[in-house]
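Under the numbering used here, read the sequence shown as residues 88 to 472, first letter to last.
Every residue, glycine too, gets a C-beta built ideally from N, C-alpha and C.
The structure appears below as structure tokens.
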Amino acid sequence: MKAKTFIDQVEVIVRSGKGGDGATSFRREALVEFGGPDGGDGGRGGDVVFRASEHVNSLLSLYYDPKCFAQDGGPGQGQKMFGKRGKDLIVNVPQGTEVYEVDSGLLIADITEAGQSVIVAKGGAGGYGNVHFKSSVNQAPTEHTCGGAAEEKRLRLELKTIADAGLLGFPNAGKSSLLSVLSSAKPKIASYPFTTLNPVVGTIVWNDWAKARMADVPGIIEGAAKGVGLGLAFLKHLERSKVLVYVIDMAGTDNRKPWEDYKILKKEIEEYSIELAERPFLVVANKMDSGQAKENLERFIEETQVSPIQVSCAEKSGLEEFKTELRKIVEPKLKFHHTHVEAPDLKDMPDTTGDEIPEDALRFATFLKLEKPKEKSHPSRGNIH
Ligand SMILES: Nc1nc2c(ncn2[C@@H]2O[C@H](COP(=O)(O)OP(=O)(O)OP(=O)(O)O)[C@@H](O)[C@H]2O)c(=O)[nH]1
Ligand SMILES: [Mg+2]
88 MKAKTFIDQV EVIVRSGKGG DGATSFRREA LVEFGGPDGG DGGRGGDVVF RASEHVNSLL
148 SLYYDPKCFA QDGGPGQGQK MFGKRGKDLI VNVPQGTEVY EVDSGLLIAD ITEAGQSVIV
208 AKGGAGGYGN VHFKSSVNQA PTEHTCGGAA EEKRLRLELK TIADAGLLGF PNAGKSSLLS
268 VLSSAKPKIA SYPFTTLNPV VGTIVWNDWA KARMADVPGI IEGAAKGVGL GLAFLKHLER
328 SKVLVYVIDM AGTDNRKPWE DYKILKKEIE EYSIELAERP FLVVANKMDS GQAKENLERF
388 IEETQVSPIQ VSCAEKSGLE EFKTELRKIV EPKLKFHHTH VEAPDLKDMP DTTGDEIPED
448 ALRFATFLKL EKPKEKSHPS RGNIH
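Here is the structure:
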């Protein structure tokens, strides 16, 4: 059997650590007459934490190891020694993981942002040692409390990939090819249907470093909503996409009719989810390098009243146009803001041959930061005045 490489749904058991019991102990020391109680508290049990990581893209590790158990807290000891705190168990999950409780079916967490962490099972509190029970009337208490119980539950994790755009199309339409020419992702490309069996995400970068993620999912065929082919189960990976990109094989390979392909795709998506069908979308006519494509395109426009973006992944044409259209919908946020300074015309520069450089001339030195630097908030951070 071929080893699995991608898992988007898994059931796990999580159990937090039990709190350590408090201790009952008395100080016994030579020459100390009234030692008194000195039993320390138990340590608290560890939590089970799910944390979203950019470096994990599947729930595979949980599929092979579905038991997530945190460490128990250590018991308290004499000489007022606290028990050891149980170690938290931090499980890295992909961004876009939904966590459901199996018994109730409730969604208890949706972990989307990188670094976001959620405690899914809280560790038991440590018990009190007998040192806490000392009072004026009870100088030698023997009671202590037990540590808090561990929490145990069954959880179902479901991954819904986070991508700004999702590629949709018949097998062999060139979805993976499009992703590979637009991003540095390396999905498998081949001339047989269902080459892509798992979602693959790539990042498209614009000239100003704006970025968007695009997901490639397995191809859809007629009847997919009823489970034909690979069905529509993987469409959940597009549920969080802002825009759907329909990729149509305009070459009409294997006597396909591109306009019918488009109508079938639309119908299947509608059957899967009306909401998804109503998302903003782009239509890409791929394989425009082939002889038949031009002819098919005319008929396509006639039949569907949609004029698609013409692309050829083989010749890498039409890609910039696609990126421009995609950007309009995705509106990626820029992480870095370049403050572009317009260089003034050197003809207008005043004479600088004198002893002092006139203030006007400084405008032409665009590499100088002429605005006042921001005041530092604290002298210890290098603010020497
Ligand atoms: N002539 C031509 N062939 C292309 C173009 N784009 C993709 N192909 C070919 O079409 C075939 C299918 O491409 P893929 O990118 O694997 O198609 P896919 O839509 O990802 O297919 P599945 O993963 O099976 O759903 C490959 O043999 C590609 O080389 C193109 O622009 N022009
Ligand atoms: Mg593919």
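- The count of Cβ pairs closer than 8 Å, one atom from the stretch 230 to 245 and one from the stretch 107 to 122, reaches three, so the stretches are in contact.
- Placement of the Cβ of Ala-372 at a distance of 7 Å or more from every heavy atom of ligand 1 is found.
- Within the same chain, Cβ atoms closer than 7 Å to the Cβ of Gly-122 are found at Phe-113, Arg-114, Arg-115, Glu-116, the five residues on either side in sequence being excluded.
- Membership of Ser-148 in the alpha helix (DSSP H) is indicated by the continuous run 147 to 151.
- Lys-174 is positioned such that its CB atom lies no closer than 8 Å to that of Ile-100.
- In the structure shown, the three-state DSSP call for Asn-179 is strand.
- For Tyr-279, no alpha helix (DSSP H) run applies, since DSSP gives it neither H nor E.
- Excluding five sequence positions before and after Val-334, the CB atoms of its chain that fall closer than 8 Å to its own CB belong to Leu-254, Leu-255, Gly-256, Ala-260, Gly-261, Lys-262, Leu-265, Val-371, Asn-373, given in chain order.
- Secondary structure at Leu-118: coil, using DSSP grouped into helix, strand and coil.
- Measuring C-alpha to C-alpha distances from Thr-283 to each of Ser-271, Leu-317, Ala-312, Val-268 identifies Leu-317 as the nearest.
- The residue from Tyr-215, Ser-399, Ser-328, Leu-149 with its alpha-carbon nearest to that of Gly-170 is Tyr-215.
- Secondary structure note for Ile-249: it is in no alpha helix (DSSP H), with a DSSP letter that is neither H nor E.
- Those residues that bring their Cβ nearer than 6 Å to a heavy atom of ligand 1 are Gly-256, Pro-258, Asn-259, Ala-260, Gly-261, Lys-262, Ser-263, Ser-264, Ile-276, Ala-277, Ser-278, Pro-280, Phe-281, Thr-282, Thr-283, Pro-305, Gly-306, Asn-373, Lys-374, Asp-376, Ser-377, Ser-399, Cys-400, Ala-401.
- If you check the C-beta of Pro-153 against ligand 2, you find no heavy atom less than 7 Å away.
- For the pair Thr-290 and Gly-183, the CB atoms are not nearer than the 8 Å cut-off.
- Distance from the C-beta of Asp-303 to the nearest heavy atom of ligand 2 is below 7 Å.
- Ranked by Cα distance from Glu-389, the options Thr-439, Gly-213, Lys-354, Lys-344 are led by Lys-344.
- At the C-beta level, Ala-297 and Gly-202 stay beyond 8 Å of one another.
- If you draw a straight line from the Cα of Ala-208 to the Cα of Val-180, it is about 15 Å long.
- Taken in chain order, the unbroken stretches of beta strand (DSSP E) that lie wholly in the stretch 345 to 407 and span 3 residues or more are 368 to 373.
- Straight-line spacing of the CA atoms in Ser-271 and Ala-252 works out to 16 Å.
- Restricting attention to Asp-376, Glu-355, Tyr-349, the CA atom closest to the CA of Phe-387 is found in Tyr-349.
- Looking at the DSSP output, Met-301 bridges to Ala-252, Gly-289.
- Listed in chain order, the non-local C-beta contacts of Arg-241 below 6 Å within the same chain comprise Ile-100, Val-189, local neighbours out to five positions each way being set aside.
- The C-alpha of Asp-432 lies about 37 Å from the C-alpha of Ile-416.
- For Glu-185, the enclosing beta strand (DSSP E) begins and ends at 184 to 188.
- Listed in chain order, the non-local C-beta contacts of Ala-311 below 7 Å within the same chain comprise Gly-318, Leu-319, Glu-355, local neighbours out to five positions each way being set aside.
- Under the three-state reduction of DSSP, Val-101 is assigned to strand.
- The straight-line gap separating the alpha-carbon atoms of Thr-391 and Ile-351 is approximately 12 Å.
- With 16 or more other Cβ atoms from the protein chains shown falling within 10 Å of its own Cβ, Gln-164 counts as buried.
- Taking 8 Å as the upper bound for CB-CB distance, Gly-339 and Gln-379 are in contact here, some 5 Å apart.
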